[in-house]
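Student:
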Amino acid sequence: MDGELIAFTGVAAGMVAMPGADFAVVVRSALGSRRAGVAAAVGVAGGLLVHTALAVAGLAAVLIAVPALFRAVQVLGGAYLLWLGGRILLPAVRRPLDAAEPEVRGSGGPGKDGVVGGPASGGIGTSLRQGFLTNALNPKAPVLFLSLLPQFVPDGAPALPRTLLLAVVVVAIALVWFPAVALLVDRLGGRLRRPRTARGLELVTGAVLAALGLLLLLEPLTV
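Count along the sequence shown starting at 1, add 22, and that's the number in the working numbering.
(1) Determine the contact status of residue 150 and residue 62, defining contact as a CB-CB distance below 8 Å.
(2) Since residue 161 and residue 226 are thought to touch, with beta carbons under 8 Å apart, how far apart are those beta carbons, to the nearest angstrom?
(3) How would you call residue 135, buried or exposed, if buried means at least 16 neighbouring beta carbons within 10 angstroms?
(4) On a CA-only basis, which of 92, 38, 89, 106 is nearest residue 47? Give me that one, please.
(5) Is residue 87 buried or exposed, if buried means 16 or more other CB atoms sit within 10 Å of its CB?
(6) Might you give, ordered along the chain, the residues of its own chain that have their beta carbon closer than 6 Å to the beta carbon of residue 33, omitting 5 neighbours on each side?
(7) State the DSSP-derived secondary structure class of residue 160, mapped to helix, strand or coil.
(8) Alpha carbon to alpha carbon, how far is residue 37 from residue 189?
(9) Within 8 Å, do at least three Cβ pairs link the region 69-77 to the region 45-60?
(10) Does the beta-carbon of residue 182 have 16 or more other beta-carbons within 10 angstroms, so that it is buried, or is it exposed?
(11) How far does the alpha helix (DSSP H) with residue 34 in it reach, from first residue to last?
(12) State yes or no: is the C-beta of residue 208 within less than 8 Å of the C-beta of residue 65?
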């Protein structure tokens with residue numbers, strides 16, 4: 023039995039399941055429709071795939087070794103989260119509660135302007151892109167994976183096949199966890215899509231994403 027692989031799986035599961043910007047994006051997309059939520063979940067896993075692949079290839083070390091490059095990713099990631107949070111938050115703040123639709127839509131039904139699930143949601147491609155960029159532009163991920171993966175390579179074992187296996191484990195966990203979150207949110211959609219609840223979730227989600235973006239933008243360069 024590979025004890026180190028089992029230990030890494032536990033660590034990776036806790037890391038993936040920890041609520042963050044990716045979790046918020048999946049929940050928000052799933053409020054629009056099941057397909058949008060799953061698309062965002064797949065996008066999040068795709069972003070993780072980018073970072074794990076960089077770590078396996080050793081390219082993450084280049085990002086960490088060049089402060090200007092790391093800072094550029096940090097600013098880009100923070101700006102994207104701030105923009106995404108504002109895009110969710112401002113319409114929710116401006117929209118009067120009595121303007122919200124009185125009836126709860128079923129999952130995947132056509133919403134305002136023909137968009138699936140109503141005004142809180144975007145299309146499948148939009149959700150996929152938002153999930154991917156939210157993780158792919160996270161500047162902390164390369165540092166995390168570059169420092170974490172080597173710790174679970176047994177002494178004397180070939181580094182490349184082992185780190186590749188660990189990367190596959192991380193992505194596989196993400197492909198289970200985030201779609202499960204999306205499906206659970208969709209399952210509870212009847213309650214979560216009620217006008218007051220939906221507006222509250224949009225306000226919270228937008229505020230969380232905007233706050234995370236501000237923290238990245240204001241945070242000093244730390245590697």
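Where a beta carbon is used, it is the ideal one built from N, C-alpha and C, also for glycine.
Since this is a predicted model, take the numbers as computed values, not measurements.
Tutor: Once the coordinates are examined:
(1) yes
(2) Not a contact, Cβ separation roughly 24 Å.
(3) Any reading at residue 135 must be qualified, since the residue scores a pLDDT of 31, below 50, and its modelled position is unreliable; no value is offered.
(4) 106
(5) exposed
(6) none
(7) coil
(8) 13 Å
(9) no
(10) exposed
(11) 25-39
(12) no
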